[in-house]
Structure formats: C-alpha cells, structure tokens
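**Student:**
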C-alpha cells in the first residue's frame, strides 16, 4: 500500500557534487515535489560576480538563505498536504561556508551563525537529510564540466566547503539534526534509483 505520509527530504553536499542533477532526476521519475537551488541564469549578476571575485559574502549568503526559507515554507505546506518534497540543499548548509578563507570578516561569520541557529529554532527540521560526499577531485571535474566561468577561480573555496561538510556529518550531525534521518552516499558511485528507494520514494 502506498504511503500518504508527507515528509521533507533535503539533499546536501558541496558545490558541484551533483545535488541538482539528482533532484532533477527525482522530479522527472518519482512522485515528489522538488525545489532546486536555482540555475545560474536565474541568479542576479551581482551574485555571480560576487562568487567569482570572492567578495560580498554576506550578500551571497542572505540571497540564498532567503531563497531557501521561501522554498522551505512552501515545502512545509506540501508536507501538510501529505506530499513528499525534496529540496536541493537547505539553510543549514550556509554553516559550511563559515571559513576565514571565504569570509574575511569574523563578525560576518558570527552574524550568519546566529541567523542559522535562529532559523533552526523557528522551523521543524527536514525528516531526512541525504549527504552526498566525494573527494575534491570529483568536485573539480564536475565544476569544470558544468562550465560556470564565475566558479573556476573559487575551487579552493569549494574544497574547503566539502571538508566542512564532512567534519559536520562526522562529528556534529546528531547535535544539529537530532530528529532527521541521515543518509550518506558516495557521490562518485551513487545509483539514483537505489538511493531513491532508500529514501522511500515512489516511482511515477
């Protein structure tokens, strides 16, 4: 018998690791509602320019945070309507950009950390979090392969974000996501349909 239970599933991982590609596959093949982080042609030029030049980091974070929260509010409504929803990242992943090589101002890091903590207390957490993990070699291959010119100069930032993801899921996930089921997957060898099955999704 098909489950009618609504739930929110967030797919997380470093930039270029394959989150959006996987979520699009689920959208096309499974009975889920999906929210994508957004393609580059939907991002304002000042966001792309800031990423490329590694500046205005707080503006970048606020842009994506607000986008994530707007999507999450819609996802909560769909969950109440007994639908399964898959998100391409969610607000917590902004924590993984809090590094001195990415944020030059410590006070901005503290502002973002406070923002994430307040958000965690204001919203229920995802029912499941799927963490796509891989080494930096794969991230480099996929980043260069998708052809976003504004990202090529910040690959080192992506590597650091990848390291911070791993540290979080190795050491802090139970503290920060106590109620979420965690699914860890090797992004280099993942089978989309097997993963979808482990997530409890239904084929169209």
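In my numbering, the protein residues as written are 16 to 219.
Glycine included, every Cβ here is placed at the ideal spot set by N, Cα and C.
What does a CB cutoff of less than 6 Å around residue 73 pick up in its chain, not counting 5 residues either side in sequence?
**Tutor:** The sequence position of residue 73 within the chain shown is 58, counting from 1. Answer for residue 73: 123, listed in chain order.
**Student:** Give every residue of the same chain whose Cβ lies closer than 7 Å to the Cβ of residue 86, excluding the five residues on either side of it in the sequence, and list them in chain order.
**Tutor:** By 1-based counting over the chain shown, the position of residue 86 is 71. Hits under 7 Å: 50, 102.
**Student:** I'd like the list of long-range same chain contacts for residue 155, defined as Cβ closer than 7 Å, with 5 residues on each side in sequence excluded.
**Tutor:** Locating residue 155 in the chain shown gives position 140, where the first residue counts as 1. Only 170 meet the Cβ criterion.
**Student:** Measure the alpha-carbon distance for residue 16 versus residue 216 and round it to whole angstroms.
**Tutor:** Working through the chain shown from its first residue, we reach residue 16 at position 1. Working through the chain shown from its first residue, we reach residue 216 at position 201. Its pLDDT being 42, under 50, residue 16 is placed unreliably by the model, and nothing is read from it.
**Student:** In chain order, what are the residue ranges of uninterrupted beta strand (DSSP E) at least 3 long that sit wholly in the stretch 127–177?
**Tutor:** Runs of the beta strand (DSSP E) inside the stretch 127–177: 143–148.
**Student:** Are residue 90 and residue 153 touching if we call contact CB-CB under 8 Å?
**Tutor:** Your numbering for residue 90 matches position 75 in the chain shown. Your numbering for residue 153 matches position 138 in the chain shown. No, the pair does not count as a contact, with Cβ atoms beyond the cut-off.
**Student:** Should residue 92 go down as buried or exposed, given a rule of 16 or more other Cβ atoms within 10 Å for buried?
**Tutor:** Counted from its first residue, the chain shown places residue 92 at position 77. That one is exposed.
**Student:** Where does residue 208 fall in DSSP's three states?
**Tutor:** Counting from 1 along the chain shown, the entry for residue 208 is found at position 193. In the structure shown, residue 208 sits in a helix (DSSP, three-state: H, G or I).
**Student:** Can you give me the C-alpha to C-alpha distance between residue 130 and residue 110, rounded to a whole angstrom?
**Tutor:** One-based indexing of the chain shown puts residue 130 at position 115. One-based indexing of the chain shown puts residue 110 at position 95. Rounded to the nearest angstrom, the two C-alpha atoms are 10 Å apart.
**Student:** Assign residue 52 to one of two classes, buried (16 or more other C-beta atoms within 10 Å of its C-beta) or exposed (fewer than that).
**Tutor:** As a working note, residue 52 is residue 37 in the chain shown. Answer is buried; the Cβ neighbour count reaches 16.
**Student:** Can you name the start and end residues of the beta strand (DSSP E) that residue 47 belongs to?
**Tutor:** Start at 1 with the first residue of the chain shown, and residue 47 comes out as number 32. It is not in any beta strand (DSSP E) - residue 47 carries neither H nor E in the DSSP assignment.
**Student:** By Cβ distance below 7 Å, which residues in the same chain neighbour residue 94 in space, the five residues on each side in sequence not counted?
**Tutor:** Start at 1 with the first residue of the chain shown, and residue 94 comes out as number 79. Closer than 7 Å at the Cβ level, and outside the excluded window around residue 94, lie 21, 22, 23, 100.
**Student:** Looking only at its own chain, which residues have a Cβ that is under 6 Å from the Cβ of residue 76, when we skip the five neighbours before and after it?
**Tutor:** As a working note, residue 76 is residue 61 in the chain shown. Result list for residue 76: 109, 127, in chain order.
**Student:** Name the residue from 28, 32, 27 whose alpha carbon lies nearest to the alpha carbon of residue 159.
**Tutor:** Reading the chain shown from its first residue, position 144 is the one you call residue 159. The option with the nearest alpha carbon to residue 159 is 32.
**Student:** Go ahead and pull the three-state DSSP assignment for residue 91.
**Tutor:** Residue 91 sits at position 76 when you count from the first residue of the chain shown. Note: residue 91 maps to helix in three-state DSSP.
**Student:** In three-state terms, what does DSSP make of residue 124?
**Tutor:** Locating residue 124 in the chain shown gives position 109, counting from the first residue. Reduced to three states, the DSSP call for residue 124 is helix.
**Student:** DSSP puts residue 41 in a beta bridge; with which residues?
**Tutor:** Position 26 of the chain shown, counted from the first residue, corresponds to residue 41. DSSP lists no partner for residue 41.
**Student:** Can you have a look at residue 121 and say buried or exposed, based on whether 16 or more other CB atoms are within 10 angstroms of its CB?
**Tutor:** Taking the chain shown and counting its residues from 1, one reaches residue 121 at position 106. With fewer than 16 Cβ atoms within 10 Å of its Cβ, residue 121 is classed as exposed.
**Student:** Count the other C-beta atoms from every protein chain shown that fall within 10 angstroms of the C-beta of residue 118, then say buried if there are 16 or more, exposed otherwise.
**Tutor:** Residue numbering aside, residue 118 sits at position 103 when the chain shown is read from its first letter. Buried: at least 16 other Cβ atoms inside 10 Å.
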